[in-house]
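Trainee:
In my numbering, the protein residues as written are 49 to 669.
1) With H, G and I counted as helix, E and B as strand and the rest as coil, what does DSSP make of residue 731?
2) Assess, as a yes-or-no matter, whether the stretch 142-161 is touched by the stretch 236-248 under the definition of 3 or more beta carbon pairs within less than 8 Å.
3) Between residue 298 and the rest of its own chain, which residues show a CB-CB distance below 6 Å, the 5 nearest in sequence each way excluded?
4) Where residue 351 and residue 127 are concerned, what is the direct C-alpha to C-alpha distance, given to the nearest angstrom?
5) Please classify residue 402: does DSSP put it in a helix, a strand, or coil?
6) Mind checking who residue 201 pairs with in its DSSP beta bridge?
7) I believe residue 564 touches residue 356 by the beta-carbon criterion, under 8 Å. Please report the beta-carbon distance rounded to the nearest angstrom.
8) Just to confirm my understanding: we take residue 474, look at its own chain, exclude 5 residues before and 5 after, and list those with CB closer than 6 Å. What are they?
9) Leaving out five residues before and five after residue 531 in sequence, what residues of the same chain have Cβ atoms less than 8 Å from its Cβ?
10) Classify residue 592 as helix, strand or coil using the three-state DSSP reduction.
11) Report the three-state DSSP secondary structure of residue 157 (helix, strand or coil).
12) Since residue 629 sits in a beta bridge, which residues does DSSP pair it with?
13) Around the Cβ of residue 657, are there at least 16 other Cβ atoms within 10 angstroms (buried) or fewer (exposed)?
14) Is residue 112 helix, strand or coil by DSSP?
15) In chain order, what residues of the same chain lie with their CB nearer than 8 Å to the CB of residue 519, ignoring the 5 residues before and after it?
16) CB-CB under 8 Å to residue 209, same chain, minus the five flanking residues each way: which ones, in chain order?
17) If you run the structure through DSSP and keep just helix, strand and coil, what is residue 88?
18) Using a Cβ-Cβ cutoff of less than 7 Å, which residues in the same chain neighbour residue 222 once the five nearest sequence positions on both sides are dropped?
19) Judging by CA-CA distance, which residue of 456, 457, 544 and 552 is the nearest neighbour of residue 559?
20) Check this for me: beta carbons of residue 551 and residue 599, under 8 Å apart or not?
21) Grab me the residues of residue 330's own chain with a C-beta within less than 8 Å of its C-beta, minus the 5 sequence neighbours each way, in chain order.
22) Run the CB neighbour count on residue 453, radius 10 Å, all protein chains shown included, and call it buried at 16 or more, exposed below.
23) Which residues in the same chain have their Cβ closer than 7 Å to the Cβ of residue 445, if we skip the five residues on either side of it in sequence?
24) Alpha carbon to alpha carbon, what distance is there between residue 431 and residue 70?
25) Quick one: give me the first and last residue of the beta strand (DSSP E) that residue 490 is part of.
26) For residue 92, count neighbouring C-beta atoms within 10 Å of its own C-beta (all shown protein chains included) and say buried if the count is 16 or more, exposed if not.
27) Which residue spans inside the stretch 237-309 form an unbroken beta strand (DSSP E) run of at least 3?
28) Looking only at its own chain, which residues have a Cβ that is under 6 Å from the Cβ of residue 252, when we skip the five neighbours before and after it?
29) Would you call residue 640 buried or exposed, if buried means 16 or more other Cβ atoms sit within 10 Å of its Cβ?
30) Would residue 270 be called buried (16 or more neighbouring beta carbons within 10 Å of its own) or exposed?
31) Residues bridged to residue 433 by DSSP?
32) Ignore the nearest five residues each way along the sequence and tell me which others in residue 100's own chain have a CB closer than 6 Å to its CB.
33) Alpha carbons only, please: which of 638, 360, 372 and 376 is nearest the one belonging to residue 611?
34) Check whether the stretch 644-658 touches the stretch 606-623, taking contact to mean three or more Cβ pairs, one atom from each stretch, closer than 8 Å.
35) Using the beta-carbon count (16 or more within 10 Å), is residue 645 buried or exposed?
36) With the cut-off set at 8 Å, would you say residue 521 and residue 492 are in Cβ contact?
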């Protein structure tokens with residue numbers, strides 16, 4: 049009996065000791081003396097309630113802009129508006145037909161029917177074409193304008209997943225690649241992931257068809273020179289669905305390939321606008337007038353990465369190319385890896401900043417379950433925030449706001465600089481991420497591949513990745529990533545080909561590289577970067593985001609003058625590094641002010657204030 053009691057006590061003591069050792073090992077981490085006594089962030093991050101976007105913020109501007117005649121303000125007009133802004137097409141929204149027809153080019157969105165437009169308004173749109181104007185409409189569902197668009201009837205369906213362009217219409221002159229000639233609008237293997245469409249019956253001029261051969265885009269040329277285009281889908285809804293990552297697998301690829309299913313439509317709208325609107329001027333999407341914007345970024349999320357990243361830092365510094373390093377602040381060990389953000393590795397992170405690189409957040413825990421984490425209360429602080437990845441399917445004591453807040457706090461304390469960019473581990477993107485980023489003080493995200501969002505252009509993220517409310521967070525899709533076979537050094541030429549495709553319209557070329565190994569990846573960079581330098585702008589995600597934010601606030605207008613045209617620019621911030629594409633017949637009427645450069649068809653605004661006016665004459669007049 050006594051012996052059994054002693055054994056029981058001994059076993060209990062051993063178990064307690066083992067538990068203590070296990071707990072110590074579990075909660076222990078390498079020292080972070082730099083943060084001794086630190087606790088933060090001190091401020092709370094309340095997530096704002098969504099406010100539906102107001103179309104009237106786009107109601108100003110001259111008649112030189114593209115007119116959007118909004119027939120339903122509860123529609124997905126945000127997608128159309130933000131898409132045009134990304135492509136650099138100036139537009140003005142209105143609910144008034146008389147106002148719209150003063151513009152040469154009009155989009156009627158989202159629908160034309162007798163339910164949303166009166167008979168006299170429908171007649172005015174028809175007269176606009178007869179008098180030489182251009183009319184674009186999505187979803188012509190009634191109103192008696194079939195003759196204006198030259199079709200006899202429509203059939204509705206949810207069976208279509210592709211649209212195929214054909215013919216030699218001037219508006220399609222930019223299309224020269226297979227990925228542009230056929231674009232995806234839905235998943236061919238999932239009926240539930242397709243949008244509603246209309247096919248036009250009896251049309252004589254068909255510019256694009258669905259995969260079953262029925263007409264998706266039709267045109268009618270009027271003897272006056274006017275023209276009418278009808279598109280059988282809700283373009284704004286399609287763009288929002290794609291950019292919110294809700295396309296349901298419509299993409300033909302994940303990354304490392306050209307996927308312009310959104311961009312082709314935006315380029316088509318730009319083509320129609322510039323060919324038919326007098327005084328049309330557009331904003332180029334890439335900084336400083338370059339053909340392409342290139343971001344070299346790294347995901348530092350492994351113990352070997354934290355040391356090997358210095359080789360990549362050295363390479364970029366030698367080439368005078370700034371890069372963005374998304375650094376995981378892993379200050380504990382768990383299922384994923386040992387702790388690697390500590391006193392021994394922090395100096396390497398500091399050297400990134402000293403070399404001119406951007407240090408950005410890659411979360412704390414780097415969990416595959418980030419997309420399913422609870423939002424959190426916005427009070428998460430270091431060192432009390434102690435998440436643990438238990439396995440690929442579970443994380444303990446983790447939240448979206450905790451991952452954002454604490455990683456940002458630690459990195460800012462290490463670098464002494466504001467952290468404004470974020471990328472999650474595994475590119476896991478919860479629906480609440482946009483508003484959580486905004487609440488936590490971030491500005492820019494690179495969380496999705498171009499394949500997922502069907503575009504190679506930056507765009508503004510929506511609240512809840514939904515359809516009604518916007519945030520101030522800009523998304524920069526990833527074009528190239530390193531983990532899809534073959535090894536990076538074996539796919540240099542395809543990557544250059546992709547960059548050249550994007551350079552045709554000023555797309556962005558964001559590269560994602562994990563610096564856990566150097567073999568093959570350094571070789572890839574050493575070969576591709578010199579190849580891109582002649583036509584590319586290079587910068588950090590923060591620099592690109594700051595420029596894109598400035599560009600987003602630039603308004604472009606032109607007015608006829610006695611001697612030609614007057615161009616006016618207004619901006620919320622001082623303008624820099626802008627390229628405006630203008631009529632090739634325009635020439636400046638006087639001397640250029642400092643900070644401006646002119647070449648036929650282009651005006652470069654190197655530096656300017658928040659307002660600029662310039663006069664042009666035209667050789668064609």
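No residue lacks a Cβ here, since even glycine has one placed at the ideal position from N, Cα and C.
Mentor: The short version:
1) Summary: the structure shown does not reach residue 731, with the chain confined to residues 49 through 669, and so no result is reported for it.
2) no
3) Start at 1 with the first residue of the chain shown, and residue 298 comes out as number 250. 232, 234 and 235, listed in sequence order.
4) Here residue 351 is taken as the residue at index 303 of the chain shown, counted from 1. Here residue 127 is taken as the residue at index 79 of the chain shown, counted from 1. Rounded to whole angstroms, residue 351 to residue 127 spans 41 Å at the Cα level.
5) Within the chain shown, the letter at position 354 stands for residue 402. Correct three-state label for residue 402: helix.
6) For the purposes of this step, residue 201 is taken as the residue at position 153 of the chain shown. Answer is 249.
7) Walking along the chain shown from the start, residue 564 turns up at place 516. Walking along the chain shown from the start, residue 356 turns up at place 308. Yes, they are in contact, since the Cβ atoms of residue 564 and residue 356 sit about 6 Å apart, within 8 Å.
8) Locating residue 474 in the chain shown gives position 426, counting from the first residue. Taken in chain order, the residues that qualify are 416.
9) As a working note, residue 531 is residue 483 in the chain shown. Same-chain partners within the cutoff: 562.
10) On the chain shown, position 544 is the one that residue 592 refers to. Helix.
11) Taking the chain shown and counting its residues from 1, the one referred to as residue 157 is at position 109. In this structure, residue 157 counts as strand in the three-state DSSP scheme.
12) Working through the chain shown from its first residue, we reach residue 629 at position 581. Paired residues: 330 and 650.
13) As a working note, residue 657 is residue 609 in the chain shown. It is exposed - the Cβ of residue 657 has fewer than 16 other Cβ atoms within 10 Å.
14) Here the question's residue 112 lines up with position 64 in the chain shown. Three-state result, residue 112: coil.
15) Counting from one through the chain shown, the residue named residue 519 turns up at place 471. So the list reads 482, 483, 485, 486, 508, 509, 510 and 511, once near-sequence residues are dropped.
16) Sequence index remark: in the chain shown, residue 209 carries index 161 (1-based). Once the five neighbours on either side are set aside, the close Cβ partners of residue 209 are 232, 233, 234, 235, 236, 242, 259 and 298.
17) The count along the chain shown starts at 1 and reaches residue 88 at position 40. The answer is strand: DSSP assigns residue 88 an E or B state.
18) Taking the chain shown and counting its residues from 1, one reaches residue 222 at position 174. So the qualifying residues of the chain are 315 and 319.
19) Translated into the one-based positions of the chain shown, residue 559 becomes position 511. The option with the nearest alpha carbon to residue 559 is 544.
20) Numbered from 1 along the chain shown, position 503 holds the residue referred to as residue 551. Numbered from 1 along the chain shown, position 551 holds the residue referred to as residue 599. Not a contact, by the Cβ cut-off of 8 Å.
21) As a first step, residue 330 must be located in the chain shown, where it is residue number 282. If we look at residue 330 and ignore the five residues flanking it on each side, its Cβ neighbours are 135, 136, 137, 138, 318, 321, 322, 604, 628 and 629.
22) Locating residue 453 in the chain shown gives position 405, counting from the first residue. So residue 453 ends up on the buried side.
23) On the chain shown, residue 445 is found 397 positions in, with the first residue counted as 1. 434, 435 and 436.
24) The sequence position of residue 70 within the chain shown is 22, counting from 1. The sequence position of residue 431 within the chain shown is 383, counting from 1. Caution is warranted here: a pLDDT of 40 is assigned to residue 70, below 50, making its placement in the model unreliable, and the coordinate value is therefore given only provisionally. So the two alpha carbons sit approximately 20 Å from each other.
25) Residue numbering aside, residue 490 sits at position 442 when the chain shown is read from its first letter. Element bounds for residue 490: n/a, residue is neither H nor E.
26) Looking up residue 92 in the chain shown gives position 44. Per the 10 Å Cβ criterion, exposed.
27) 245-249, 254-258, 263-269 and 275-279
28) Within the chain shown, residue 252 is the residue found at index 204, counting from 1. Within the same chain, residue 252 has close Cβ partners 198.
29) As a working note, residue 640 is residue 592 in the chain shown. Per the 10 Å Cβ criterion, exposed.
30) Indexing the chain shown from 1 puts residue 270 at position 222. Flag for residue 270 reads buried.
31) Start at 1 with the first residue of the chain shown, and residue 433 comes out as number 385. DSSP output for residue 433 lists no bridge partner at all.
32) As a first step, residue 100 must be located in the chain shown, where it is residue number 52. Counting only Cβ-Cβ distances below 6 Å, and skipping sequence neighbours, we find 516 and 517.
33) The residue given as residue 611 occupies position 563 in the chain shown. The residue with the shortest Cα to Cα distance from residue 611 is 638.
34) yes
35) Counting from 1 along the chain shown, the entry for residue 645 is found at position 597. It counts as exposed.
36) Here residue 521 is taken as the residue at index 473 of the chain shown, counted from 1. Here residue 492 is taken as the residue at index 444 of the chain shown, counted from 1. Yes.
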